[in-house]
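Right, one structure below, let's go through it.
Numbering (the working numbering), first residue to last: 13 to 137.
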């Protein structure tokens, strides 16, 4: 019950990670960029990626997910959970809000294998 009551964490994508993720599934141009500039970062943050007609063949398939947006929602839902082991949580506790730091340093960096992709993530205070 304690883990069920734990609040979900916010999930945010680094722009480069977003481009690389889209490129793996063929949602970007040949150079791996997406059309986020046309819609703004908010559209990209929601997973609203349009597949260009001339996009490269995807390296990975989104199956069994219905779409790249569905895959991304599942990944973000997983990352919103604090999936660290009790040992990791003890060694790397959340220090709370950073005081005065413009870009806080992560207190934990980990990796997650999700749908044939190794995701490196960082937990920020």
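Glycine included, every Cβ here is placed at the ideal spot set by N, Cα and C. For clarity, every value in this text was computed on a predicted model and none was experimentally measured.
Under 8 Å between C-beta atoms of residue i and residue j
i, j, result
"residue 81", "residue 21", "no"
"residue 70", "residue 37", "yes"
"residue 98", "residue 137", "no"
"residue 74", "residue 87", "no"
"residue 72", "residue 129", "yes"
Rounded separation between residue i and residue j - CA only
i, j, result
"residue 32", "residue 125", "16 Å"
"residue 28", "residue 122", "18 Å"
"residue 18", "residue 117", "22 Å"
DSSP state of residue i mapped onto helix, strand, coil
i, result
"residue 73", "coil"
"residue 134", "strand"
Close Cβ partners of residue i (< 7 Å) along its chain, the five nearest in sequence each way excluded
i, result
"residue 107", "119, 137"
In DSSP terms, what residue i is bridged to
i, result
"residue 25", "Per DSSP, none; premise fails for residue 25."
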